[in-house]
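Accompanying notes for the structure given below.
Protein chains: 2
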Amino acid sequence: MSTMRDVARQAQVSVKTVSRVFNDDPHVLPETRQRVEEALAQLNYTPNTLARTFRDGRSPVIGVAVPNIADPFFSSLAKAVETVAAGYDMSVLVSSLGPDPSKEPEVVEALLRRQLGALVMAPTAPDQSYLRRWSEKVALVFVDRPPQGLDADCFIEDDFGGARAATRHLLEHGHDGVAFVGNSLDVSTTVNRLSGYRAALAEAGIAFRPELVVNGATSREGAWATVARLVGLADAPTAVFSSDAQTSMFLVPALAGSRLSIAGFGDFPMASMLSPALTVVDQDPDALGRLAAERAVRRLDGVEDGAPVSTTLPVRLLERSSCRPVDLEGGLFPASRPDGAGTLLWVTPGA
Amino acid sequence: MSTMRDVARQAQVSVKTVSRVFNDDPHVLPETRQRVEEALAQLNYTPNTLARTFRDGRSPVIGVAVPNIADPFFSSLAKAVETVAAGYDMSVLVSSLGPDPSKEPEVVEALLRRQLGALVMAPTAPDQSYLRRWSEKVALVFVDRPPQGLDADCFIEDDFGGARAATRHLLEHGHDGVAFVGNSLDVSTTVNRLSGYRAALAEAGIAFRPELVVNGATSREGAWATVARLVGLADAPTAVFSSDAQTSMFLVPALAGSRLSIAGFGDFPMASMLSPALTVVDQDPDALGRLAAERAVRRLDGVEDGAPVSTTLPVRLLERSSCRPVDLEGGLFPASRPDGAGTLLWVTPGA
DNA sequence: TTGTACGCGTTATCAG
DNA sequence: CTGATAACGCGTACAA
Chain S
4 MSTMRDVARQ AQVSVKTVSR VFNDDPHVLP ETRQRVEEAL AQLNYTPNTL
54 ARTFRDGRSP VIGVAVPNIA DPFFSSLAKA VETVAAGYDM SVLVSSLGPD
104 PSKEPEVVEA LLRRQLGALV MAPTAPDQSY LRRWSEKVAL VFVDRPPQGL
154 DADCFIEDDF GGARAATRHL LEHGHDGVAF VGNSLDVSTT VNRLSGYRAA
204 LAEAGIAFRP ELVVNGATSR EGAWATVARL VGLADAPTAV FSSDAQTSMF
254 LVPALAGSRL SIAGFGDFPM ASMLSPALTV VDQDPDALGR LAAERAVRRL
304 DGVEDGAPVS TTLPVRLLER SSCRPVDLEG GLFPASRPDG AGTLLWVTPG
354 A
Chain Z
4 MSTMRDVARQ AQVSVKTVSR VFNDDPHVLP ETRQRVEEAL AQLNYTPNTL
54 ARTFRDGRSP VIGVAVPNIA DPFFSSLAKA VETVAAGYDM SVLVSSLGPD
104 PSKEPEVVEA LLRRQLGALV MAPTAPDQSY LRRWSEKVAL VFVDRPPQGL
154 DADCFIEDDF GGARAATRHL LEHGHDGVAF VGNSLDVSTT VNRLSGYRAA
204 LAEAGIAFRP ELVVNGATSR EGAWATVARL VGLADAPTAV FSSDAQTSMF
254 LVPALAGSRL SIAGFGDFPM ASMLSPALTV VDQDPDALGR LAAERAVRRL
304 DGVEDGAPVS TTLPVRLLER SSCRPVDLEG GLFPASRPDG AGTLLWVTPG
354 A
């Protein structure tokens, strides 16, 4: 592949002139321009993005670091980032952080060493202070979970409110034993959702029972074990609040056949087509990704340069049909909407 | 952030020596090494990957270009590529090609200009000859769909066999009117699956009816319209073969309430939890991504340098419960396996 | 209008 | 064992 030097030689001009022609600099004589353009075409010149990038020290790339790119939530988020990036001629470098929080720093720093322009990340580790030394050079924007030990832009969702609304919804159906099933209390979103769950219980005057909080339904087996444990309890719960979409997906099969009602945080593909259709707190990964990417680009361009801002996005409670009255005998679940969308029951106030 | 020059100054040595120490070159006196290492630590030296990359003209990056990164099939594939890449200290640049095939070249070339080491792509355009000029510099590996107008490594799946097996499965349940619903006949996978469908019909001695082939159920509305059209037909079909997972996902809601049986090409999350649980031709996006990435790396390293090879991966027909006998009156569908996996009915021979 | 010189950070070459 | 120098491709600053 030819470089500007090759073109320059062919056109009998200096490299700089080639550069000018290629970048539409007006200060070139039409006839010189013509000669250069011919050479450009003949040699099939293709710019080496790497060289430009190296020169100005920063790569037109937005990094996306998420727990798992195969998770529908994060792949939607990544796609949104990608769409925004494309609008600025930027590319997206993705990295899955994996299940082990201790791996986060090395994975992220490997990304950062590539001189990214910006990094959009959903952290898995309990501390991000190791990113301080990078924060001058890169636009850091957090999504889904706020950073710890670091002050940076951040877009999260109303975990507390959504969990409270969903739990309240279950309680309103007469369930007074509602279990909380989540992934890990090391994740701040789970902690906040647990708080929302507890708030709803407190508001309904129902005592919090620690034995109804279970973490680790992060696999098919884990989900079966969890359900078995819950239904085996002396005073077994009649409903479950699932704290995240992954957990819901594992829980659904395990719950089949049981008479437990369920509401979950996080929608996922086909949730509306299950039997029963899952009532969920709907997040908006697309908005999350879009907003984060836009903020990142604005920081990059220097359009925005104030103190970091933390923004909480609203969530919505979508009623479908997985929450049945506790005293219902037959199969008379409320019908799901035919379009699969669910009925809007509640939205984070102020949205 | 400090560079090698800073470290060199601090340690009173030349940059080259710093480079040697940093890269574990044995030809350094222990005492010099010590000095340099201290300086390295003190100044918190972090290599600029971009510079190295620029220097050797090729970036330790694998590009992944797929129709849509938010599609579960492709996000799994991307994750597999990422996992392999990580093992070689490489990163992954993802790009969604989008629904418009004519955009493919510009998107892909923007990626290529970044001097990628390799590109794993699932093409959307009908012709890839524009990639010829890149094929010397980059390891090009195609997945899911073979390249046209270009000879390159390629990993696809047994579209013909899978579609034939699924269609035959429907026919064996007594359905003689089986519709084919797909996305677009511009996509080679769809073409091959249509061939498989027709082969199954032919083998069963059933006439092919063009009006039973519908393309464009690529949205909720499209799916409803498609189903409406099919059931409104004079000699309406009693079963549907869905040619891809996206189509299946849209089709499922539209089919609810109808009495049509369905089998689909491509598994997807929760397909086993639907009612009825979907019988599908199971692909393996993970294997596809892993194999493609590994081939790419081997080409890069020059470990492998023969002519391009096209490999077809086997697929499996997983019976769940969405194919009912045509003459069945009640709701007596065969039960789905409790673990949601489905019963293995058929595998591409020679796997 | 055009060209020359220089630098970005790193590594290879080759001399000392 | 160590260091000076060149080179990668491009763009900026400054001259001519």
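Line order of the protein sequences matches chains S and Z.
The opening position of the first sequence corresponds to residue 4 in my numbering, with each subsequent residue numbered one higher.
The opening position of the second sequence corresponds to residue 4 in my numbering, with each subsequent residue numbered one higher.
For each residue, glycine too, the CB sits at the ideal point set by N, CA and C.
Can you tell me the Cβ-Cβ gap for residue i and residue j, rounded? I've got them flagged as a contact below 8 Å.
i      : j     : result
S:I72  : Z:S78 : 6 Å
Z:V10  : Z:L43 : 6 Å
S:V24  : S:V18 : Rounded, the Cβ-Cβ distance is 11 Å, inconsistent with contact.
Z:P272 : Z:P75 : 6 Å
Please name the residue, chosen from the options, that lies closest to residue i on a Cα-to-Cα basis.
i      : options                           : result
S:T123 : S:E160, S:R148, S:K140 and S:V67  : Note that residue 123 of chain S is Val in the sequence shown, not Thr. Out of S:E160, S:R148, S:K140 and S:V67, S:V67 has the C-alpha closest to the C-alpha of S:V123.
S:L291 : S:V10, S:V84 and S:P70            : S:V84
Z:I159 : Z:L153, Z:T86 and Z:Q286          : Z:Q286
Z:R1   : Z:Q45, Z:H30 and Z:L119           : Residue 1 of chain Z lies beyond the residue range present for chain Z, which begins at 4 and ends at 354; the question has no answer from this structure.
Z:K106 : Z:S94, Z:T127 and Z:P63           : Z:T127
S:V95  : S:Q131, S:A296, S:D74 and S:S261  : S:A296
Z:S99  : S:D330, S:T35 and S:V87           : S:V87
S:E206 : S:G219, S:E175 and S:S191         : S:E175
Z:T250 : Z:R148, Z:I265, Z:R38 and Z:V110  : Z:I265
Z:T52  : S:L254, S:L114, S:T315 and S:P213 : S:L114
S:L233 : S:G180, S:D130 and S:T221         : S:G180
Z:Q37  : Z:V21, Z:N47, Z:D59 and Z:Y48     : Z:V21
S:L143 : S:L236, S:A155 and S:Y133         : S:A155
S:N218 : S:L204, S:A228, S:A54 and S:I209  : S:A228
S:S245 : S:R55, S:P317, S:V230 and S:V306  : S:V230
Z:E214 : Z:A203, Z:V110, Z:Q45 and Z:A237  : Z:A237
Does any C-beta atom of chain Z lie closer than 8 Å to the C-beta of residue i?
i      : result
S:E85  : yes
S:F268 : no
S:P382 : Any property of residue 382 of chain S remains undetermined from this structure, which presents chain S solely from 4 to 354.
S:T351 : no
S:Q13  : no
S:N186 : no
S:I72  : yes
S:L263 : no
S:S78  : yes
S:P75  : yes
S:F211 : no
S:S94  : yes
Could you confirm whether any beta carbon from chain S is found closer than 8 Å to the beta carbon of residue i?
i      : result
Z:L335 : Low confidence applies here, because Z:L335 scores a pLDDT of 45, under 50, leaving its location unreliable and the question unanswered by this model.
Z:V255 : yes
Z:R136 : yes
Z:L303 : no
Z:A42  : no
Z:V97  : yes
Z:A402 : Since the first and last residues shown for chain Z are 4 and 354, residue 402 of chain Z lies out of range.
Z:A203 : no
Z:F271 : yes
Z:A105 : As written in the sequence, residue 105 of chain Z is Ser, which differs from the Ala given in the question. Z:S105 does not count as touching chain S.
Z:N51  : yes
Z:M124 : no
Z:L114 : yes
Z:Q45  : no
Decide if residue i is buried, meaning its Cβ has at least 16 other Cβ atoms within 10 Å, or exposed.
i      : result
Z:P102 : exposed
S:V97  : buried
Z:H172 : buried
Z:S313 : exposed
S:D270 : buried
Z:R327 : buried
S:R117 : buried
I'd like the list of long-range same chain contacts for residue i, defined as Cβ closer than 6 Å, with 5 residues on each side in sequence excluded.
i      : result
S:F163 : N195, S198 and G199
S:V216 : F183
Z:A168 : L320 and W349
S:T221 : N186
S:L294 : F158
S:P288 : F76, S79 and L80
Using C-beta distances below 7 Å, list every residue in its chain close to residue i, excluding the 5 sequence neighbours before and after it, in chain order.
i      : result
S:L335 : Annotation note: pLDDT 45 at S:L335 (below 50); position unreliable, coordinate value reported separately. None.
S:T49  : M4
S:G177 : P328, V329 and D330
Z:Y133 : P108
In chain order, what residues of the same chain lie with their CB nearer than 8 Å to the CB of residue i, ignoring the 5 residues before and after it?
i      : result
S:V255 : I265, L277 and L281
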